[in-house]
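A.B. asks: First the structure, which I've put down as structure tokens, then a few questions once you've had a look.
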Amino acid sequence: MTTTGLGSLPGDDIREWTKVLLEAVDIPFLAELPARPYGDMLSRAVAVLTELAVDLQPAGWRLTGGSDPRASLDQRRARSLLAEDLDVLEELADGYTGPLKLQLTGPWTLAATVELPRGDKVLADHGARRDLAEALALGLGDHVAEVRRRVPGAELVVQVDEPGLPAVLAGAVPTASGWGKHRSVDGPGAVELLSLVTTAAPTLVHCCAVRPPIEAFTKAGAVGVAVDLSQLNEPGWEQVAVAVEAGTALYAGVVPTTGPLPNQEQAADPLVRRWRELGLDPELLKKVVITPACGLAAAPSPADAQARLALLRRIAETVAEAADA
2 MTTTGLGSLP GDDIREWTKV LLEAVDIPFL AELPARPYGD MLSRAVAVLT
52 ELAVDLQPAG WRLTGGSDPR ASLDQRRARS LLAEDLDVLE ELADGYTGPL
102 KLQLTGPWTL AATVELPRGD KVLADHGARR DLAEALALGL GDHVAEVRRR
152 VPGAELVVQV DEPGLPAVLA GAVPTASGWG KHRSVDGPGA VELLSLVTTA
202 APTLVHCCAV RPPIEAFTKA GAVGVAVDLS QLNEPGWEQV AVAVEAGTAL
252 YAGVVPTTGP LPNQEQAADP LVRRWRELGL DPELLKKVVI TPACGLAAAP
302 SPADAQARLA LLRRIAETVA EAADA
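Numbering-wise, the working numbering puts 272 at position 271 of the sequence shown, and it's gapless, one number per residue.
Below you can see the structure in the form of structure tokens.
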């Protein structure tokens with residue numbers, strides 16, 4: 002069985018974390034360290050937007066209406082930090098062969114977060130949200146090509162983070178005034194923009210929700226889905242079952258991001274028990290990728306986060322034994 006993390010980690014030492022991740026998990030990844038200025042998931046996405054200019058306001062990132070040559074100081078700083086992280090990765094992963102994961106905020110979460118030049122969210126403007134998604138897809142393609150150049154032995158996997166998509170689909174994203182909600186987006190519309198960012202490399206979509214829109218993810222071309230098992234309701238589990246039986250990889254979030262650390266049997270039990278209750282093939286259980294429930298940036302310390310990552314392989318062994326039982 003396989004293990005990985007979901008992107009964010011505590012602390013600000015990218016060099017130390019890169020060393021750890023190349024050893025601690027089966028699918029290493031380029032860490033996001035939001036404790037650093039411009040180190041969060043939104044800033045990472047802004048860094049790859051090479052066709053759109055964005056600046057940082059007190060309320061968050063905002064499109065300026067300009068093209069890339071007019072990129073703001075904040076956007077240039079975000080790009081500089083990403084380039085520095087890639088320098089570290091290139092140095093420490095010299096000679097590395099095997100899977101390597103990159104994370105990027107998805108087009109719908111970005112549209113529900115980034116503002117238009119004159120206020121309100123990009124989500125409010127059909128043309129603007131498509132422009133944003135297309136720029137994100139183009140930038141992601143360039144980012145993947147750059148990492149392939151720097152780490153030629155890597156088999157790249159892209160994780161698209163869409164924590165905001167359930168609210169977009171439900172029409173639950175507040176307008177700028179706070180008095181209303183943006184109109185909901187239907188499933189085909191969600192698939193249309195998501196599909197733009199699933200072509201650069203094999204892609205999984207990460208969404209922690211009681212019922213993540215897994216059908217939209219797979220229709221958009223995702224080969225995997227990452228979910229927090231502690232949040233899934235019954236319909237959510239049913240969608241997981243359908244996707245797994247159709248060949249979609251499940252990245253199962255089983256280790257809590259904060260609080261007491263469970264032992265491997267406690268952490269593995271919800272996955273194994275529900276698998277059996279749903280009557281899923283035990284051989285498919287062996288293909289599940291074991292992950293934390295979500296990003297680990299909220300962990301109290303890097304040492305705590307490392308302990309949670311170290312637990313993943315022990316859980317994977319327990320799950321594999323259960324699949325053989």
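Virtual Cβ for every residue (Gly too), placed ideally from N, Cα, C.
Measuring straight from C-alpha to C-alpha, what distance separates Pro234 and Gly96?
C.D. replies: For clarity, residue 234 is Asn in the given sequence; the question names Pro instead. Answer to the nearest angstrom: the Cα atoms are 43 Å apart.
A.B. asks: Tell me which same chain residues have a C-beta within less than 6 Å of the C-beta of Val245, skipping the five on either side of it?
C.D. replies: Excluding sequence neighbours, Val245 sits near Leu251, Leu285.
A.B. asks: By alpha-carbon positions, which one of Gly107, Thr98, Leu262, Ala79 ends up nearest to Gln160?
C.D. replies: Gln160 has its Cα closest to that of Gly107, out of Gly107, Thr98, Leu262, Ala79.
A.B. asks: Could you give the uninterrupted runs of the beta strand (DSSP E) lying entirely in the segment 244-326, keeping only those of 3 residues or more?
C.D. replies: Whole beta strand (DSSP E) segments, 3+ residues: 250-256, 290-293.
A.B. asks: Kindly identify the DSSP beta-bridge partner or partners of Gly225.
C.D. replies: Leu205, Ala250, per the DSSP bridge assignment.
A.B. asks: Which word fits Thr415, buried or exposed, when buried means at least 16 other C-beta atoms lie within 10 angstroms of its C-beta?
C.D. replies: The requested residue 415 does not occur in the structure, where the chain is confined to residues 2 to 326.
A.B. asks: Using the three-state DSSP reduction, which class does Glu135 fall into: helix, strand or coil?
C.D. replies: Helix at Glu135.
A.B. asks: So what does Thr106 bridge to, in DSSP terms?
C.D. replies: In the DSSP output, where bridge partners are listed per residue, Thr106 has Asp162.
A.B. asks: Have a look at the DSSP bridge pairing and note the partners of Phe30.
C.D. replies: For Phe30, which the question treats as bridged, DSSP gives the partners Lys102.
A.B. asks: Compute the Euclidean distance between the alpha carbons of Asp121 and Gly61, then round it to the nearest angstrom.
C.D. replies: Near 11 Å, if we compare the C-alpha coordinates of Gly61 and Asp121.
A.B. asks: At the level of alpha carbons, what is the spacing between Gly225 and Leu197?
C.D. replies: Rounded to whole angstroms, Gly225 to Leu197 spans 16 Å at the Cα level.
A.B. asks: In chain order, what residues of the same chain have a beta carbon less than 6 Å from the beta carbon of Ala138, not counting five sequence neighbours either side?
C.D. replies: Leu197, Val198, listed in sequence order.
A.B. asks: If you follow the beta strand (DSSP E) that Leu53 is in, where does it begin and where does it stop?
C.D. replies: Run containing Leu53: none; DSSP gives neither H nor E here.
A.B. asks: What three-state label does DSSP hand Trp18 in the structure shown?
C.D. replies: Trp18: helix per DSSP, three-state reduction.
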